[in-house]
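**Student:**
Chains as they are written, first to last, in my numbering: chain A, 2 to 111; chain B, 103 to 213.
1. Closest by CA to residue 129 (chain B), which one among B:212, B:209, B:202?
2. If we cut at 8 Å on Cβ distances, does residue 122 (chain B) have a partner in chain A?
3. In this structure, how does DSSP classify residue 151 (chain B) when only helix, strand and coil are distinguished?
4. How should residue 86 (chain A) be labelled, buried or exposed, when 16 other C-beta atoms within 10 angstroms of its C-beta is the threshold for buried?
5. Mind listing the chain B neighbours of residue 35 (chain A)? Cutoff is C-beta to C-beta under 9 Å, in chain order.
6. Quick check on this structure: which residue in A:58, A:41, A:90, A:16 has the alpha carbon closest to the alpha carbon of residue 103 (chain A)?
7. Name the chain B residues whose beta carbon is nearer than 9 Å to that of residue 59 (chain A)?
8. What is the DSSP secondary structure of residue 30 (chain A), reduced to helix, strand or coil?
9. With a floor of 3 residues, list each beta strand (DSSP E) that falls wholly inside the stretch 30-89 of chain A, ordered by position along the chain.
10. Hey, would you say residue 188 (chain B) sits closer than 8 Å to residue 111 (chain B), going by beta carbons?
11. Check whether the Cβ of residue 29 (chain A) lies closer than 8 Å to any Cβ atom in chain B.
Structure (structure tokens):
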């Protein structure tokens, strides 16, 4: 079974600061990668996907992928209280299902 | 508004009772999933359904079975629930890419 590991487990960021989340995966055949965000009491919601090596920016969120190093990260710039949530990375090999990581809890302190 | 609806939101069952968790979607998505979420373990895949009566085991299918008789409806059944099946269960659907729409979850407590 493929494993997707996330770090850190939890993170406290000051409002306006930068949050950095890391994810390592185990299979070089993975086609692309997602970041999902889950607010308390809700289901996860897709944040952004990345499938090419390098950076992808969407608003305050930047994902970085390095397939050779089996590594993907998410950076949240100018963190807001509404960014406080549980963040999952997930890998997709095609034809089956997303494999989710263990999650990183982000708390933005005012 | 595209939606995945899970019922019930909260459920308490005694060990040995049968449990039915229901999921509906209004997007005509072919593929649906059941995951369970436990602290520190993330989301673990229980079952996949590719369409009506076309189901496949996920990574942790033991103790669970599923039913999909209509494209918009996917059920998870626990026959004789165990205390280690206490968890939050999420249903998701997709058109076939990996952009999932999740429901709000069912919080199951087995006592």
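Glycine included, C-beta positions come from ideal geometry on N, C-alpha and C.
Everything numeric in this text was worked out from a predicted model, so none of it was measured.
**Tutor:** In terms of the structure at hand:
1. B:202
2. False, the Cβ-Cβ gap to chain A never drops below 8 Å.
3. DSSP places residue 151 (chain B) in strand when its eight states are reduced to three.
4. buried
5. Near residue 35 (chain A) (Cβ distances below 9 Å), the residues of chain B are 200, 201, 202.
6. A:90
7. Within 9 Å Cβ-Cβ: nothing; residue 59 (chain A) doesn't reach chain B, min ~14 Å.
8. Residue 30 (chain A): coil per DSSP, three-state reduction.
9. Counting whole runs of 3 or more residues, the stretch 30-89 of chain A contains the beta strand (DSSP E) stretches 33-39, 46-51, 55-59, 62-67, 72-77.
10. no
11. no
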